[in-house]
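Structure record follows, encoded as structure tokens.
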Ligand SMILES: [Cu+2]
């Protein structure tokens, strides 16, 4: 991260500057998310799931005894195709089930929890579920220990939904029995494969990037096109509940082997779930910084999904957000508001104009237990009132002399191969700095710190501009310099450009986190918990979502 974002876009979070420094070090190896999950075959997908125990890892070094859903055998496929994709027999969250609208979905659940945990089940709220096998339970049919139950439903509408245990939810959901269903629309609107959507895809392809979307539209509606997507599930853990469950299971097992008192062994768990004092706050089953490691990383065998969003300016980014667990978590996406498309698979349209979205524009997308939201986020830098690309028309360096031709919305979108594709043209060539040195336009309103001062910290990149070549910008470019030679000689380079390669990742980093700041801790230590860094990357940087 060679570039530092500006206060104007980040001022609403007091913890930011510290986190930006922390994240810079952590992001030295990019790990990039998507919305990975499993598929079950075309038109009539079948998923064979198990509920069973394993340990999940927390960044304070603790391994937490948990229950989760997993696959009894290899699923029919993974989507999108990512390096190391797997479906273990237990994972938190459970496997994301990816199906298409109209599919006849069958999920068979085997109860491999410890027998003393009793029955278990899955609820698929929002679908009309038919059950076979199992035994009657309070909310649905349940699998008894060692046995199965089958749930069938038609994926009746597109969107993101939660699934979770429907048996003793205060304990079983807390222990980790939850996951997501993503239904991709059967009919893709033409608008999502033409026009600006097509040119955004062309810009990605020009960068050598692979399309990792599950679809091109969130719903079968022209206002729901997207260029990139991420799924975030919010949950929390009270380790006391997990410890009590583990202790009782072990005590019962010990009693069944060796029972010198002759008193009857306990036959069912009696785990209190109140008072509730969570110590771990997770996004996709991981706490920060673990959530920024790759999907399917070997060090988290039971927590395969990460939280590490990246995007280029102007891309429409679909956020699939689910509240799991028991608490509300106010998810704050720095950089812009989120336009909600739909909730629980219900697209929200204007009552009077079905062509118009009617979902709210949210500063924080507050996750309510069980609620799923689909929303669109994007970042363009529009309205900064300075050129975030740092163009300098007087520079001898041709790379700094890009043009900006506004489309009907004011953005530079005519050429998807341009480095400043989607620049907000009104701010083109507007300098931010009063008296910069190096290859940066002068005459702006502010004086930024000298990037050669080490007092600014080793991670200050020396450039507030979007683009990896902070070296050239900071050290300048002599008139008449040969192409490619700018920034290779001259003054001392700023510390961040020494530590990071000029061709490495350089973007604006925004923290995306729970706005209940108690929840950006791990076991009371900050930073941790429900926190990740979102990177707006220069178009010079190739976003690789394959891991
Ligand atoms: Cu914030």
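Residue numbers (my numbering): 164 to 710. All residues carry an ideal CB built from backbone N, CA and C; glycine is no exception.
Identify which residue in the options has its Cα closest to the Cα of residue i.
{"i": "residue 558", "options": "487, 425, 637", "result": "637"}
{"i": "residue 628", "options": "608, 595, 609", "result": "595"}
{"i": "residue 339", "options": "225, 473, 466", "result": "466"}
{"i": "residue 605", "options": "580, 550, 584", "result": "550"}
{"i": "residue 668", "options": "688, 699, 383, 431", "result": "699"}
{"i": "residue 483", "options": "236, 214, 261, 251", "result": "261"}
{"i": "residue 561", "options": "215, 639, 225", "result": "639"}
{"i": "residue 486", "options": "217, 289, 324", "result": "324"}
{"i": "residue 519", "options": "226, 341, 385, 231", "result": "385"}
{"i": "residue 444", "options": "707, 677, 706, 208", "result": "677"}
{"i": "residue 431", "options": "307, 372, 312", "result": "307"}
{"i": "residue 358", "options": "208, 578, 373", "result": "578"}
{"i": "residue 345", "options": "288, 367, 354, 298", "result": "288"}
{"i": "residue 446", "options": "468, 425, 418", "result": "468"}
{"i": "residue 545", "options": "553, 574, 522, 290", "result": "574"}
{"i": "residue 530", "options": "600, 679, 200, 303", "result": "679"}
{"i": "residue 461", "options": "247, 707, 510", "result": "247"}
{"i": "residue 412", "options": "510, 278, 426, 295", "result": "278"}
Distance, Cα to Cα, residue i vs residue j?
{"i": "residue 547", "j": "residue 280", "result": "56 Å"}
{"i": "residue 715", "j": "residue 348", "result": "What the structure shows of the chain is the stretch from 164 to 710, and residue 715 is not part of that stretch, so it cannot be assessed."}
{"i": "residue 591", "j": "residue 221", "result": "45 Å"}
{"i": "residue 392", "j": "residue 245", "result": "14 Å"}
{"i": "residue 675", "j": "residue 395", "result": "11 Å"}
{"i": "residue 526", "j": "residue 351", "result": "29 Å"}
{"i": "residue 362", "j": "residue 580", "result": "9 Å"}
{"i": "residue 333", "j": "residue 229", "result": "14 Å"}
{"i": "residue 305", "j": "residue 330", "result": "8 Å"}
{"i": "residue 457", "j": "residue 693", "result": "17 Å"}
{"i": "residue 310", "j": "residue 213", "result": "10 Å"}
{"i": "residue 249", "j": "residue 584", "result": "36 Å"}
{"i": "residue 532", "j": "residue 490", "result": "6 Å"}
{"i": "residue 367", "j": "residue 374", "result": "8 Å"}
{"i": "residue 635", "j": "residue 568", "result": "25 Å"}
{"i": "residue 299", "j": "residue 335", "result": "17 Å"}
{"i": "residue 317", "j": "residue 269", "result": "9 Å"}
{"i": "residue 453", "j": "residue 301", "result": "37 Å"}
{"i": "residue 709", "j": "residue 459", "result": "11 Å"}
{"i": "residue 449", "j": "residue 541", "result": "25 Å"}
{"i": "residue 582", "j": "residue 589", "result": "17 Å"}
{"i": "residue 705", "j": "residue 479", "result": "17 Å"}
{"i": "residue 543", "j": "residue 528", "result": "20 Å"}
{"i": "residue 420", "j": "residue 407", "result": "20 Å"}
{"i": "residue 241", "j": "residue 326", "result": "19 Å"}
Within its chain, find whatever has a CB closer than 6 Å to the CB of residue i; leave out the 5 residues flanking it on each side and keep chain order.
{"i": "residue 488", "result": "398, 399"}
{"i": "residue 186", "result": "The predicted position of residue 186 is uncertain, since its pLDDT is 38 and thus under 50; a value taken from the coordinates is nonetheless stated next. Same-chain partners within the cutoff: 672, 696."}
{"i": "residue 129", "result": "Since the first residue of the chain shown is 164 and the last is 710, residue 129 is not available in this structure."}
{"i": "residue 365", "result": "579"}
Check this for me: beta carbons of residue i and residue j, under 8 Å apart or not?
{"i": "residue 328", "j": "residue 285", "result": "yes"}
{"i": "residue 315", "j": "residue 293", "result": "yes"}
{"i": "residue 415", "j": "residue 433", "result": "no"}
{"i": "residue 195", "j": "residue 473", "result": "yes"}
{"i": "residue 387", "j": "residue 360", "result": "no"}
{"i": "residue 343", "j": "residue 256", "result": "yes"}
{"i": "residue 252", "j": "residue 215", "result": "yes"}
{"i": "residue 134", "j": "residue 377", "result": "Nothing about residue 134 can be reported from this structure: the residues present for the chain run from 164 to 710 only."}
{"i": "residue 630", "j": "residue 552", "result": "yes"}
{"i": "residue 116", "j": "residue 337", "result": "No answer is possible for residue 116: the residues shown for the chain start at 164 and end at 710."}
{"i": "residue 218", "j": "residue 226", "result": "yes"}
{"i": "residue 502", "j": "residue 522", "result": "yes"}
{"i": "residue 451", "j": "residue 608", "result": "no"}
Compare the C-beta of residue i against all C-beta atoms of chain B and say whether one is closer than 8 Å.
{"i": "residue 462", "result": "Within the model displayed, chain B is absent; a lone protein chain is all it includes."}
Quick one: what's got a C-beta closer than 8 Å to residue i's C-beta in the same chain, skipping five residues either side?
{"i": "residue 440", "result": "401, 403"}
{"i": "residue 409", "result": "228"}
{"i": "residue 383", "result": "264, 321, 348, 349, 350, 351, 352"}
{"i": "residue 190", "result": "Here residue 190 scores only 44 on pLDDT, less than 50, and its place in the model should not be relied on; the value that follows carries that caveat. Same-chain partners within the cutoff: 164, 455, 668, 672, 696, 698."}
{"i": "residue 276", "result": "214, 215, 216, 230, 283, 308"}
{"i": "residue 570", "result": "576, 577"}
{"i": "residue 418", "result": "428, 429"}
Taking 7 Å as the limit between beta carbons, can you name the residues of its chain near residue i, skipping five residues before and five after?
{"i": "residue 555", "result": "563, 602, 603, 604"}
{"i": "residue 572", "result": "none"}
{"i": "residue 211", "result": "234, 235, 236, 271"}
{"i": "residue 682", "result": "444, 492, 692, 693"}
{"i": "residue 500", "result": "524, 525, 526"}
{"i": "residue 701", "result": "629, 630, 631, 669, 670"}
Query raised in the report: Any chance the region 502-510 sits against the region 537-547, with 3 or more Cβ pairs inside 8 Å?
Result: yes
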